[in-house]
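Numbering (the working numbering), first residue to last: -17 to 100.
Beta carbons: idealized from backbone N, C-alpha and C, even for Gly.
Since the structure is predicted, the reported quantities are computational estimates derived from the model, not experimental observations.
Okay, so here's the structure we're looking at.
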Amino acid sequence: MKIVYASRNGHVEAVIHNLGIQDALKIKEGTEKVKGDYVIFTYTDGEGILPPKVKTFLAANPGVKAVVSSGNSQRHPATYNFAADIIAREYGAKIIAKIDGSGTDHDMAEIRAALNLD
Ligand SMILES: Cc1cc2nc3c(=O)[nH]c(=O)nc-3n(C[C@H](O)[C@H](O)[C@H](O)COP(=O)(O)O)c2cc1C
């Protein structure tokens, strides 16, 4: 399935890189288009909100099926990885993983298995 991601400071981008995904679409403006079903990887913003450009992208591209979100459990314990919860609730996507920063080896193995990357 197509992989789409948003990354502001590089954690999510590092995950995409670590998973060896080469043809992922990066959300830069939110105006990008993807055909059909896709999996989104995103960071969590503000007080547990979606990055605005991710919100714009999701509204225009209805095929989201699953989500991997990144957050920061130390700095944002009360809204940790809310991005995944919002995308699951509002768009019906399945939550594959919620990771801290760029995640652990264990997280990578779980995501690989969920996406059949091996
Ligand atoms: C302004 C700001 C607000 C954030 N708010 C949250 C939050 O509410 N919950 C959370 O889990 N992480 C939050 N984070 C942490 C980021 O989601 C986390 O660092 C993520 O790994 C960033 O991904 P990136 O490096 O790909 O941009 C916030 C970070 C910033 C800079």
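Taking a contact to require three or more Cβ pairs closer than 8 Å, the region 14 to 32 and the region 61 to 72 qualify as touching.
By the Cβ rule, the region 28 to 45 does not count as touching the region 80 to 98, because fewer than three pairs are nearer than 8 Å.
When only Cα atoms are considered, GLY30 and SER52 end up about 11 Å apart. Contact annotation: ASN54 and GLY83 have beta-carbon atoms nearer than 8 Å. With respect to ALA79, VAL50 sits close: the two C-beta atoms are nearer than 8 Å.
For LYS10, the closest alpha carbon among the candidates LYS17, HIS(-7), PHE39, LEU1 is that of PHE39.
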